[in-house]
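For what it's worth, the numbering used here labels the leading residue of the sequence shown as 265, then goes sequentially. Don't be surprised by glycine CBs; every beta carbon is placed ideally from N, CA and C.
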Amino acid sequence: MSVDLSSANSVPNPPDQPERGVCRSIFRRTVWVLNGPWINRDATQTAFDEQRKRVPRGVWTHGLIAGIVLACLPGPTAISEIAILFLLGFFLLRSPKTWKTWVHSLGQPVPLIILIWVIWQFVTLAWSPDVNQGLNEIGSTRWALLILLLWPSIEWRHRWLLFLAVGFFAGHVAQLSQFIWQGEAWFPWVRERDRLSGWWDPAIAGTLLTAALGLHLPAAIMGTGRTRLIGLGCSGITLVALLATGTRGGWLAAIALIGVTLCVAVFVSRQRKVLLVVVGALALFTTIAGITLRSQIAGRVDEARIEIAQALSGENYTSATGARIAMGGWAVEAFLENPIGGVGAGGYHDWVVEHLQTAEVDLAERSVHHHAHNALLQIAATSGLVGLFIAALFVISALWNAFSGLTRATLGSYAAGPGFALLGLLFVSAFDVVHINSQSTAILAVLLAITPTYVPESLLKDDKDCSHVPPARVK
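Laid out in structure tokens, this is it:
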């Protein structure tokens with residue numbers, strides 16, 4: 265699984281002479297670009313060495329504060345917004361000692377692609393019918409600043425996974441409290457009785473917990489010893505929590521994620537019998553949870569079946585599922601009418617309303633949302649082919665960063681967690697517009713921050729001693 269096309273301290277030059285096979289040549293050149301050949305490796309190393317000589321304790325303090333903030337990100341929106349301000353404040357206080365390292369974070373491929381995306385979103389406001397909504401959607405990209413805010417202590421990234429997991433566990437406790445005390449006058453979160461999502465909105469919970477499941481699945485299915493036991497236990501808890509949310513999109517995305525993880529495990533695992541036992545344990549755990557929550561699950565499945573039938577027959581587009589089907593259809597129409605630049609950031613809702621009125625459709629018979637409930641369709645509708653191209657570059661670069669440094673051994677550790685969590689977000693994006701929701705964008709930004717394209721080699725010296733640490737990948 266490891267693809268090593270670079271040395272420890274430099275990026276290989278693209279081949280000067282044409283190689284045999286056009287596909288192989290294109291692949292090598294693509295990898296060369298994905299590895300960020302413009303990043304000055306020596307200058308990055310020097311900047312970090314100087315920082316550590318001047319303020320050695322600052323790195324530890326920065327890493328700890330960042331970890332606490334990351335534990336708050338899966339919390340209620342207000343808490344996560346306040347927590348990030350503390351990290352920003354500390355980051356600015358340290359800036360006289362760390363500013364020389366900034367360019368080596370912002371100049372890597374993923375941050376540059378995000379910058380291009382933001383610029384294009386602002387350009388599309390020129391033809392958007394709702395600029396305020398567009399600005400609100402663009403504002404979600406503010407979480408990408410985490411890439412910079414975490415960079416000065418990037419060697420802490422393996423520890424940050426633990427803090428993030430603690431934050432998700434706190435969310436599971438909130439779900440359990442809803443199961444026990446829902447309906448009490450003092451209980452703070454009012455949810456549907458068949459959707460146990462704690463302080464999260466049920467739909468958002470499905471997205472977040474799919475990512476959380478991805479953090480643990482590689483260790484659970486492909487790990488060994490204590491790592492496998494921890495991963496198995498955390499995966500089981502997350503699966504139960506995901507079932508309890510009643511979010512059908514999250515269920516389907518989790519099934520896809522588990523399927524992909526199992527396919528990878530079949531190819532890389534040398535312990536097929538143990539793999540079968542692990543899969544059986546997860547299946548048994550999920551079955552028990554399913555039986556416990558059978559009324560809630562059955563209700564959500566029956567509801568979806570009825571709503572889909574009504575929408576496809578044209579009887580009802582105001583139900584939750586019916587509206588999603590209609591929104592997807594209108595997103596396709598918006599893209600076909602505006603294929604290059606889309607209808608503009610934030611313009612989707614107004615565009616749909618205008619066309620419904622033109623078609624003399626009674627708006628009372630429709631439920632018009634601000635997005636298409638599908639990231640691909642949303643990008644196509646609002647940003648056109650240009651936006652789709654930028655999004656494709658982003659997905660390829662992000663997944664390359666997360667997976668290219670993994671080996672057969674580290675695929676079974678928590679080093680693989682961020683990559684599979686990104687896959688989880690990719691799968692769930694078929695049912696949720698991940699990039700314009702604040703909470704899901706925050707988690708996405710964390711995953712991007714802890715899987716940079718390049719990390720100075722001297723910061724990875726401890727990785728060799730920790731099976732759960734991302735491997736020393738200096739491309």
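Roughly how many angstroms separate the alpha carbons of A330 and I343, rounded to a whole number? 14 Å
Is DSSP giving R459 helix, strand or coil here? coil
Euclidean distance between Cα positions of Q253 and R406: This structure does not reach residue 253, given that the chain is present from 265 up to 739, and the question cannot be answered.
Quick check: R316 and Y718, are their CB atoms within less than 8 Å of each other? no
My output table needs one value for R534: the three-state DSSP class, helix, strand or coil. coil
Closest by CA to H422, which one among G447, W664, T715? T715
List in chain order: all unbroken beta strand (DSSP E) runs of 3+ residues lying wholly within the stretch 414–470. none
Buried or exposed by the 16-neighbour rule on C-beta atoms within 10 Å, applied to L493: exposed
Continuous alpha helix (DSSP H) assignments of at least 4 residues falling wholly in the stretch 527–596: 536–556, 558–576
Can the beta-carbon of L334 be found less than 8 Å from the beta-carbon of L370? no
Let me know the secondary structure DSSP gives R630 once reduced to three states. strand
Same chain, Cβ closer than 6 Å to I354, neighbours up to 5 away in sequence not counted: Inspection of the sequence shows that residue 354 is occupied by Phe rather than by Ile. So the qualifying residues of the chain are I329.
Sequence ranges, alpha helix (DSSP H) only - wholly within the stretch 609–665, length at least 4: 612–622
Using a 10 Å radius around the Cβ and a threshold of 16 neighbouring Cβ atoms, would you call Q372 buried or exposed? buried
Could you tell me if C336 is buried or exposed, where buried requires 16 or more neighbouring beta carbons within 10 angstroms of its beta carbon? buried
Could I get the ranges of all uninterrupted alpha helix (DSSP H) runs contained in the stretch 466–521, with 4 residues as the minimum, in chain order? 466–486, 489–509
Can you grab the Cα-Cα spacing for the pair R558 / D566, in whole Å? 12 Å
Own chain residues within Cβ distance below 8 Å of L687, not counting five before or after: G478, L521, V524, L663
Taking only the alpha-carbon atoms, compute the straight-line gap between E721 and K364 and give it to the nearest angstrom. 17 Å
Comparing C-alpha positions only, which one of R457, L428, N701 sits nearest to Q442? R457
Is it the case that the Cβ atoms of I501 and V542 are separated by a distance below 8 Å? no
Endpoints, the alpha helix (DSSP H) within which Q397 is located: 395–403
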